[in-house]
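There are 2 protein chains.
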Amino acid sequence: MNRIITIGREFGSGGRELGRRLSEKLNIAYYDQEIISEISKRTALSEEYIRRITESRPTVSFPIHIGRSFSPVPDPLVQQRISVYSEQNKLLHELADKSDCIIVGRCADYILKDRNPFRIFVYADTQSKLDRCMQRKPADEKLTPQEMKRKMAEIDRGRAQYCAFFSDQKWGARENYDLLVNTTGKDIKKVTAAIAGYLEHLEG
Amino acid sequence: MNRIITIGREFGSGGRELGRRLSEKLNIAYYDQEIISEISKRTALSEEYIRRITESRPTVSFPIHIGRSFSPVPDPLVQQRISVYSEQNKLLHELADKSDCIIVGRCADYILKDRNPFRIFVYADTQSKLDRCMQRKPADEKLTPQEMKRKMAEIDRGRAQYCAFFSDQKWGARENYDLLVNTTGKDIKKVTAAIAGYLEHLEG
Chain A
1404 MNRIITIGRE FGSGGRELGR RLSEKLNIAY YDQEIISEIS KRTALSEEYI
1454 RRITESRPTV SFPIHIGRSF SPVPDPLVQQ RISVYSEQNK LLHELADKSD
1504 CIIVGRCADY ILKDRNPFRI FVYADTQSKL DRCMQRKPAD EKLTPQEMKR
1554 KMAEIDRGRA QYCAFFSDQK WGARENYDLL VNTTGKDIKK VTAAIAGYLE
1604 HLEG
Chain B
1404 MNRIITIGRE FGSGGRELGR RLSEKLNIAY YDQEIISEIS KRTALSEEYI
1454 RRITESRPTV SFPIHIGRSF SPVPDPLVQQ RISVYSEQNK LLHELADKSD
1504 CIIVGRCADY ILKDRNPFRI FVYADTQSKL DRCMQRKPAD EKLTPQEMKR
1554 KMAEIDRGRA QYCAFFSDQK WGARENYDLL VNTTGKDIKK VTAAIAGYLE
1604 HLEG
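First to last, the sequence lines map onto chains A and B. Residue 1404 is where the first sequence starts when you use our numbering, and the numbers rise one by one after that. Residue 1404 is where the second sequence starts when you use our numbering, and the numbers rise one by one after that.
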């Protein structure tokens, strides 16, 4: 069975950078935005749309019927969401079949649980995440620190809701991971080397 | 400043063994039961009593006064508890002053927070902890698995309450630690080597 490492992360904690660096260090595949692009290709829906609905809780709105009809007409939007989720599910298994890999986000820890992934969760304190986000935001993004803080909280809320909806498990709760890593005040390069060292000795 | 590593742990997760092994690997001092013995010596109270009151939330019962007296008479039991806590607090700082060390439990992560300790929390799933406890219980301990499970939960509840009382922080919550390690199904010797590898690269 291929070696699968999943990385859950708080927005701004450096989890994505860590995933990318760890994949380089271990010389294995890395999937993050690539998943969005591939699902976009397969479903002919925009990447932006895929990103939005796979990072927040789906609001499944069943139509209410009054009168004689008992067969609900399928809501095309709901159908579309369901097909995106099922495509993502399929894709994660395909990637895990293909080779050793690191997958960031997307409830991969839960979706691939039968493959015994090593499940990492990366987090940091609010100030540390805020500093990171403000330093790295695109030049044309005008968010104030206060607005950025709200955005960070909103994105994490979406991730937590998405996981709760699909897995019934609590995003970021220690029992769902093998290792939780606090990056507050830490250099991500060093944290990457540290995790690689951890894995080497655990498996050695 | 000396290098301080603190280890919080769920009962049965192997945290104590891990602490002892890590201290041997890093060649630094290790304190766990030694703290109980020393406080017992200093306060002339039994080790069993010290253990009991430093592993559960103190029930501070202030006497209620009716009538003319406005100066409460100090409750000797409360006074005794307070002196044990203050002795423990002092002792932890003395140990941290003396040399590099690993301290297991006792809210040391919080008490020594100004010394920037590396704070580890060790946990495992219930079955894994139960197996460990049943294998290692003394021959004369007659607890059934069900009773052992209750004992495990009770001890962890006591630890959580003790920390909440003294630190106002949540025992086992990721934000209060640098690294949380799941030992489920893992060999503690390998986890020890893994943590040593993590620290080496993080600090290297």
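Backbone N, C-alpha and C define an ideal beta-carbon position, used for all residues, glycine too.
For residue i, the first and last residue of its enclosing beta strand (DSSP E)
i: B/I1408; result: I1407 to R1412
Alpha-carbon to alpha-carbon, residue j and residue i
i: A/Q1572; j: A/G1508; result: 14 Å
i: B/Q1482; j: A/T1529; result: 39 Å
i: A/G1422; j: B/I1439; result: 43 Å
i: A/V1584; j: A/Y1526; result: 6 Å
i: B/R1539; j: B/F1524; result: 21 Å
i: A/I1407; j: B/L1582; result: 21 Å
i: B/S1443; j: B/I1453; result: 7 Å
i: B/E1450; j: A/L1515; result: 48 Å
i: B/I1456; j: B/Q1564; result: 11 Å
i: A/L1533; j: A/P1548; result: 7 Å
i: B/A1599; j: B/S1502; result: 18 Å
i: A/I1485; j: A/G1561; result: 17 Å
i: A/E1427; j: B/R1518; result: 34 Å
i: A/E1490; j: B/C1504; result: 51 Å
i: B/K1592; j: B/G1417; result: 10 Å
i: B/S1396; j: A/E1557; result: In the structure as shown, chain B starts at 1404 and stops at 1607, and residue 1396 of chain B therefore has no counterpart that could be examined.
i: B/N1492; j: B/D1500; result: 13 Å
i: A/N1430; j: A/R1424; result: 9 Å
i: A/D1435; j: A/A1596; result: 20 Å
i: B/A1567; j: B/R1577; result: 15 Å
Endpoints, alpha helix (DSSP H) assigned at residue i
i: B/I1438; result: Q1436 to T1446
i: A/L1583; result: Counting along the chain, A/L1583 falls outside any alpha helix (DSSP H), though it belongs to the beta strand (DSSP E) covering L1582 to N1585.
i: B/T1595; result: I1591 to E1606
i: B/D1534; result: T1529 to R1539
i: A/E1451; result: E1450 to T1457
i: A/A1511; result: A1511 to I1514
Those residues which DSSP pairs with residue i across a bridge
i: B/C1504; result: B/I1407 and B/A1432
i: A/R1560; result: DSSP, once it has assigned bridges, lists no residue as partnering A/R1560.
i: B/R1522; result: B/T1409
Closer than 8 Å, Cβ to any Cβ of chain A: which residues of the segment 1563–1576 of chain B, in chain order?
-> Taking a C-beta cut-off of 8 Å against chain A, the contacting residues of the segment 1563–1576 of chain B are G1575, listed in chain order.
Contact list for the segment 1507–1519 of chain A against chain B, Cβ threshold 9 Å = Only those residues of the segment 1507–1519 of chain A whose C-beta falls short of 9 Å from the nearest C-beta of chain B would be listed, and there are none.
Using a Cβ-Cβ cut-off of less than 8 Å, list which residues of the segment 1518–1539 of chain B approach chain A; keep chain order.
-> Going along the segment 1518–1539 of chain B in chain order, one finds F1524, Y1526 and D1528 with a Cβ nearer than 8 Å to chain A.
Residues in the segment 1427–1461 of chain A having any Cβ partner in chain B nearer than 7 Å | Here the close residues number zero.
Determine which residues of the segment 1595–1607 of chain A have a Cβ less than 9 Å from any Cβ of chain B, and write them out in chain order.
-> Of all residues in the segment 1595–1607 of chain A, T1595, A1596, A1597, I1598, A1599, G1600, Y1601, L1602, E1603, H1604, L1605, E1606 and G1607 have a Cβ within less than 9 Å of some Cβ in chain B.
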